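Engineer: Provided herewith is a single structure, encoded as structure tokens, for subsequent inquiry.
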Amino acid sequence: MIRFICTKDYDDMSRKAANIIGSLIVSKPNCVLGLATGSTPIGAYARLVEGYENGDLDFSAVKSVNLDEYRGLTHDNDQSYYYFMNHHLFSKVNIDKNNTYVPDGTIADAEEACKQYDEIVASMGGVDLQLLGMGHNGHIGFNEPNDVFVKGTNCVNLAQSTIDANARFFEKKEDVPTQAYTMGIQTIMNAKKILVVVNGEGKADIVEKAFFGDVTPQVPASILQFHPDVIVVGDEAAFSKIKNRL
Ligand code: GLP
Numbered sequence: 003m004i005r006f007i008c009t010k011d012y013d014d015m016s017r018k019a020a021n022i023i024g025s026l027i028v029s030k031p032n033c034v035l036g037l038a039t040g041s042t043p044i045g046a047y048a049r050l051v052e053g054y055e056n057g058d059l060d061f062s063a064v065k066s067v068n069l070d071e072y073r074g075l076t077h078d079n080d081q082s083y084y085y086f087m088n089h090h091l092f093s094k095v096n097i098d099k100n101n102t103y104v105p106d107g108t109i110a111d112a113e114e115a116c117k118q119y120d121e122i123v124a125s126m127g128g129v130d131l132q133l134l135g136m137g138h139n140g141h142i143g144f145n146e147p148n149d150v151f152v153k154g155t156n157c158v159n160l161a162q163s164t165i166d167a168n169a170r171f172f173e174k175k176e177d178v179p180t181q182a183y184t185m186g187i188q189t190i191m192n193a194k195k196i197l198v199v200v201n202g203e204g205k206a207d208i209v210e211k212a213f214f215g216d217v218t219p220q221v222p223a224s225i226l227q228f229h230p231d232v233i234v235v236g237d238e239a240a241f242s243k244i245k246n247r248l
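Under my numbering, the residue at position 109 of the sequence shown is numbered 111, and the numbers go up by one with no gaps.
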């Protein structure tokens, strides 16, 4: 079941998403969070940091598993998702770094990297809440449009549109990674609750397709229609094509 929360703007979306995550941390201090990168969740992470700073949120027992990582990027590369998570959240709250996991992009052997990450996710005993952004083509994590829904952690060749979209973050075109390790669709669907954040007019078409169109691996996020507990928090612009159906 999908519930939609329409918010005024990016700040409103970020605050509401952070409130949902924060209320879980309060009610279950040792919860397992599935975390996401991309520009969309940055505001929600900032609100969570505020929650920690003002004494409302204690991350000391929280565990986290991230969705994805670029293959080949080292931890100190400021475009790696490892770096992103430390920069936006982990270094700013009292989470135990030993309880945070991001797929290791430095493992060259893709099969080994994916196997290791599946074992890590399994050892967490279930994700309580999975935060998700969404690519313009409907990708979640880095599960790109495909002929099938891949179940477990996998190494993906990024879609050209994704490479182009990411190019803005890199100095040179040649530096933009073309592959990534990502949690699989089944792993994402196993989370007890899923929180999707979307903002901006650019996401309006894919929001309509993903949540009101056919369920197909060509639009990976469409699988969320089959999950029992999804909340999509979006701003008015991202919901502009679905507002009459809410
Ligand atoms: C990347 C990430 C996704 C993210 C997507 C959208 O591809 N792997 O997890 O959802 O970007 O990014 P943005 O939030 O910047 O639109």
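All residues carry an ideal CB built from backbone N, CA and C; glycine is no exception.
All values derive from a computational prediction rather than experimental measurement.
Is any non-hydrogen atom of the ligand GLP found closer than 7 Å to the C-beta of residue 136, if you look at the structure I gave you?
Structural biologist: Result yes, Cβ under 7 Å from the ligand GLP.
Engineer: Are the stretch 236-243 and the stretch 195-214 in contact at 8 Å, needing three or more beta carbon pairs?
Structural biologist: Touching, yes, given that three or more Cβ pairs across the two stretches are closer than 8 Å.
Engineer: Measuring CB to CB, does residue 169 end up less than 8 Å from residue 158?
Structural biologist: Contact flag unset, no.
Engineer: Between the beta-carbon of residue 180 and the beta-carbon of residue 116, is there less than 8 Å?
Structural biologist: In this structure, residue 116 does not lie closer than 8 Å to residue 180 by Cβ.
Engineer: Once the 5 residues before and after residue 126 are set aside, which same chain residues still bring their CB inside 7 Å of it?
Structural biologist: Cβ neighbours of residue 126 beyond the five flanking positions: 34, 65, 67.
Engineer: Tell me whether residue 3 is buried or exposed, calling it buried when 16 or more other Cβ atoms sit within 10 Å of its Cβ.
Structural biologist: Counting Cβ neighbours within 10 Å, residue 3 comes out exposed, since fewer than 16 surround it.
Engineer: Nearest-angstrom Cα distance between residue 193 and residue 229?
Structural biologist: Answer to the nearest angstrom: the Cα atoms are 9 Å apart.
Engineer: For residue 26, count the other beta carbons within 10 Å of its own beta carbon; 16 or more makes it buried, fewer makes it exposed. Which is it?
Structural biologist: Buried: at least 16 other Cβ atoms inside 10 Å.
Engineer: From the DSSP secondary-structure annotation, give me the bridge partner or partners of residue 102.
Structural biologist: Residue 102 is bridged to 66.
Engineer: Determine the burial state of residue 150: buried for a count of at least 16 other Cβ atoms within 10 Å of its Cβ, exposed for fewer.
Structural biologist: Looking at its Cβ environment, which holds fewer than 16 other Cβ atoms inside 10 Å, residue 150 is exposed.
Engineer: Cβ atoms of residue 132 and residue 36: under 8 Å apart, would you say?
Structural biologist: Yes. Within cutoff.
Engineer: Skipping 5 residues on each side, what residues in its chain have a beta carbon closer than 7 Å to that of residue 99?
Structural biologist: Cβ neighbours of residue 99 beyond the five flanking positions: 92.
Engineer: Check the C-beta distance from residue 244 over to residue 213 and give it rounded, since I have them as a contact under 8 Å.
Structural biologist: At roughly 7 Å, the Cβ-Cβ gap stays under 8 Å, so residue 244 and residue 213 are in contact.
Engineer: Could you tell me how far apart the beta carbons of residue 145 and residue 184 are, in whole angstroms, since I believe they sit closer than 8 Å?
Structural biologist: At roughly 6 Å, the Cβ-Cβ gap stays under 8 Å, so residue 145 and residue 184 are in contact.
Engineer: How about residue 161: is its Cβ closer than 7 Å to a heavy atom in the ligand GLP?
Structural biologist: No; taking the cut-off as 7 Å, the Cβ of residue 161 has no heavy atom of the ligand GLP nearer than that.
Engineer: Which term fits residue 16, buried or exposed, when burial requires 16 or more other beta carbons within 10 angstroms of its beta carbon?
Structural biologist: Flag for residue 16 reads buried.
Engineer: Could you please give me the residues that DSSP links to residue 6 through a beta bridge?
Structural biologist: Answer is 234.
Engineer: Mapping DSSP to helix, strand and coil, what is residue 196?
Structural biologist: Here residue 196 sits in strand by DSSP.
Engineer: Quick one: what's residue 59 bridged to in DSSP?
Structural biologist: DSSP, once it has assigned bridges, lists no residue as partnering residue 59.
Engineer: Is it the case that the Cβ atoms of residue 43 and residue 152 are separated by a distance below 8 Å?
Structural biologist: The answer is no: Cβ separation not under 8 Å.
Engineer: Shortest alpha-carbon distance to residue 107 belongs to which of 134, 71, 135, 197?
Structural biologist: For the residues 134, 71, 135, 197, the minimum Cα distance to residue 107 belongs to 71.
Engineer: For residue 195 versus residue 166, is the C-beta distance shorter than 8 Å?
Structural biologist: Going by C-beta atoms, residue 195 is not nearer than 8 Å to residue 166.
Engineer: Does at least one heavy atom of the ligand GTP sit under 7 Å from the Cβ of residue 38?
Structural biologist: The ligand GTP is absent from the structure shown, which contains only the ligand GLP.
Engineer: Any chance the CB of residue 41 is under 7 Å from a heavy atom of the ligand GLP?
Structural biologist: Flag set: Cβ of residue 41 near the ligand GLP.
Engineer: So what does residue 36 bridge to, in DSSP terms?
Structural biologist: Paired residues: 67, 132.
Engineer: Going straight from the alpha carbon of residue 118 to that of residue 161, what length do you get?
Structural biologist: Distance between the alpha carbons of residue 118 and residue 161: 24 Å.
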